[in-house]
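For reference, the structure is listed below as structure tokens.
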Amino acid sequence: VNATKTTFVRNKIDLIIATDSEAYEMLYSADSIIPGDIPVACIYLENKDKVPPAKFSKIVTTMSIEANIKLGLQLFPAAKDIVFVFDDSQYGEKEAVLAKEISLKYAGSVNFSFLSTKGISYQDFLKRINSSPLNSFIILSTWQMDTQGNYRVYGNFFPFLSRIERIPVLGVQNLSLGTGILGGYVTSSWDQGYKAAEISQKLLNNPKQLINDTIRDVNLKLDFNQMKRWRISTDNLPKNAEIISQAPRL
Numbered sequence: 002v003n004a005t006k007t008t009f010v011r012n013k014i015d016l017i018i019a020t021d022s023e024a025y026e027m028l029y030s031a032d033s034i035i036p037g038d039i040p041v042a043c044i045y046l047e048n049k050d051k052v053p054p055a056k057f058s059k060i061v062t063t064m065s066i067e068a069n070i071k072l073g074l075q076l077f078p079a080a081k082d083i084v085f086v087f088d089d090s091q092y093g094e095k096e097a098v099l100a101k102e103i104s105l106k107y108a109g110s111v112n113f114s115f116l117s118t119k120g121i122s123y124q125d126f127l128k129r130i131n132s133s134p135l136n137s138f139i140i141l142s143t144w145q146m147d148t149q150g151n152y153r154v155y156g157n158f159f160p161f162l163s164r165i166e167r168i169p170v171l172g173v174q175n176l177s178l179g180t181g182i183l184g185g186y187v188t189s190s191w192d193q194g195y196k197a198a199e200i201s202q203k204l205l206n207n208p209k210q211l212i213n214d215t216i217r218d219v220n221l222k223l224d225f226n227q228m229k230r231w232r233i234s235t236d237n238l239p240k241n242a243e244i245i246s247q248a249p250r251l
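Heads up, the sequence shown is in our numbering, so the first residue is 2 and it goes up one at a time.
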């Protein structure tokens with residue numbers, strides 16, 4: 002805190018941006034030492050617990066969790082179980098909290114389980130996923146996966162999506178496309194970053210204004226190879242679906 006206070010005194014700062022939920026929580030706790038003439042923009046994942054102080058501008062990002070629940074139930078109407086897989090980072094925990102809030106809307110009609118590697122071995126993690134009922138699907142939200150669908154645990158990467166054989170996997174992040182997931186309503190962190198920068202630019206132009214905005218950009222994208230694997234016809238897809246990995250038609 003003292004170092005932050007010293008920085009404010011010695012340097013002219015035109016704008017402070019909390020670029021993720023962790024930075025947002027730091028600014029939230031340092032509210033009292035931030036000079037009132039410096040505009041602050043908080044970019045954070047939607048939540049009901051911590052609302053930024055009234056003097057901070059708010060740029061809320063969203064995860065397409067509910068849209069993917071509805072998509073999964075449309076593509077797999079017999080599904081009675083949904084597994085939400087998240088990583089054991091702080092951000093992953095926040096996504097799980099959001100998913101649990103949304104799951105309450107479906108109580109009594111669909112069973113939800115929430116799973117990460119926190120506190121269990123990777124082998125048990127996979128075992129629990131693969132022991133899910135056949136009439137189920139996964140919604141995957143993780144930052145711990147590489148472009149080959151391998152999962153990062155304890156500093157090493159292990160085969161992940163290739164080990165899930167009986168259950169289709171929907172994703173919420175654009176980065177997961179092409180790794181072995183079926184697809185889903187995905188968000189792009191890059192696009193969110195650009196839009197947040199554009200919104201923040203308004204504060205530089207008019208430091209006294211307050212901005213309260215939400216970035217809701219999502220795109221429905223599905224992998225053609227995974228569609229064949231799960232026998233999904235294009236006739237069953239929403240009209241706005243974009244299909245990737247499909248050979249061009251002559």
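Glycine is no exception: its CB is placed at the ideal position from the N, C-alpha and C atoms.
Exercise. What's the C-alpha gap between V52 and D236?
Worked result: Approximately 43 Å between the Cα atoms of the pair.
Exercise. Helix, strand or coil: how does DSSP classify I103 here?
Worked result: Residue state, collapsed to three classes: helix.
Exercise. What are the partner residues of I83, as DSSP defines its beta bridges?
Worked result: I83 pairs with F113, F138.
Problem set entry | Beta-carbon gap between S65 and D88 smaller than 8 Å | Not a contact, by the Cβ cut-off of 8 Å.
For this session: Would you mind reading off the limits of the alpha helix (DSSP H) that contains Y123?
Result: For Y123, the enclosing alpha helix (DSSP H) starts and ends at 123 to 131.
Problem set entry | Nonlocal neighbours in the same chain, by C-beta distance under 6 Å from N3, ignoring five residues either side | For N3, the predicted model reports a pLDDT of 48, less than 50, meaning its position is unreliable and no value from the coordinates is stated.
Problem set entry | Distance between F158 and P78 (C-alpha atoms, nearest Å) | Taking the straight line from one Cα to the other gives about 34 Å.
Problem set entry | beta strand (DSSP E) segments (min. 3 residues) lying fully within the segment 184 to 224 | Annotation: the segment 184 to 224 contains the following complete segments of the beta strand (DSSP E) (minimum length 3 residues), in chain order: 184 to 187, 213 to 216, 220 to 224.
Problem set entry | Identified DSSP bridge partners for L171 | L171 pairs with I140, G184.
For this session: Assuming L204 contacts P40 (C-beta within less than 8 Å), just tell me the rounded distance between them.
Result: The pair is a contact, with the Cβ atoms about 5 Å apart (cut-off 8 Å).
For this session: Say whether the segment 66 to 76 touches the segment 85 to 103, bearing in mind that this needs 3 or more beta-carbon pairs closer than 8 Å, one atom from each stretch.
Result: Result yes; three or more Cβ-Cβ pairs closer than 8 Å.
Exercise. S59 by DSSP, collapsed to three states: which one?
Worked result: A small correction: the amino acid at residue 59 is Lys; Ser does not occupy that position in the sequence shown. Residue state for K59 is assigned as strand, using DSSP reduced to three classes.
Exercise. Between I17 and the rest of its own chain, which residues show a CB-CB distance below 8 Å, the 5 nearest in sequence each way excluded?
Worked result: Same-chain partners within the cutoff: L28, I35, I39, P40, V41, A42.
Exercise. Which residues in the same chain have their Cβ closer than 8 Å to the Cβ of L178, if we skip the five residues on either side of it in sequence?
Worked result: The residues are G172, G184, V187, K222, D224, I245.
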